[in-house]
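Visitor: Provided herewith is a single structure, encoded as structure tokens, for subsequent inquiry.
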Amino acid sequence: MTTESIETRAVAALAMMQRIGEGMPDMHPMRHQVRALKREAYNALDEAFRRAHQLAYLAADTVGDYDKAVKEISVVTPASTSPQTPAT
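Given below as structure tokens:
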């Protein structure tokens with residue numbers, strides 16, 4: 000396990016990806032393969048960032064939906080003014 004933060008690792012990965020193919024002559028026999036690998040690296044990070052955003056929104060929605068549901072099903076007992084959550 001690495002001790003670097005996710006932010007540090009993301010910046011390092013982006014910097015490395017930027018350098019892929021740097022200095023390679025336009026007529027190098029492997030230029031197409033290297034460029035394809037660079038595209039794949041960018042696509043992988045793009046998908047990872049997109050998925051992370053989806054999960055973050057899902058987590059926020061989950062908490063909000065739970066709180067809303069608890070509020071809707073809470074019952075105020077006659078002996079108390081505090082809401083009680085039904086036992087499950």
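For the sequence shown, position 85 matches number 84 in numbering that gives the first Met the number 0, and the numbering has no gaps at all. For each residue, glycine too, the CB sits at the ideal point set by N, CA and C.
Quick check on H52: does DSSP put it in helix, strand or coil?
Guide: Against the sequence shown, residue 52 aligns to sequence position 53. It is helical.
Visitor: Can you give the Cα-Cα distance for A68 and Q53, rounded to whole angstroms?
Guide: Along the sequence shown, one-based indexing puts residue 68 at 69. Along the sequence shown, one-based indexing puts residue 53 at 54. Straight across, the Cα-Cα distance linking A68 with Q53 is about 22 Å.
Visitor: Below 8 Å on the Cβ atoms is my contact criterion, and I expect A11 with L44 to pass it. Report the Cβ-Cβ distance as a whole number of Å.
Guide: Start at 1 with the first residue of the sequence shown, and residue 11 comes out as number 12. Start at 1 with the first residue of the sequence shown, and residue 44 comes out as number 45. With 8 Å as the limit, A11 and L44 do not qualify as a contact, their Cβ atoms being about 12 Å apart.
Visitor: Residues in its own chain within less than 6 Å of I19 by CB, not counting five upstream and five downstream?
Guide: Counting from one through the sequence shown, the residue named residue 19 turns up at place 20. So the list reads K37, once near-sequence residues are dropped.
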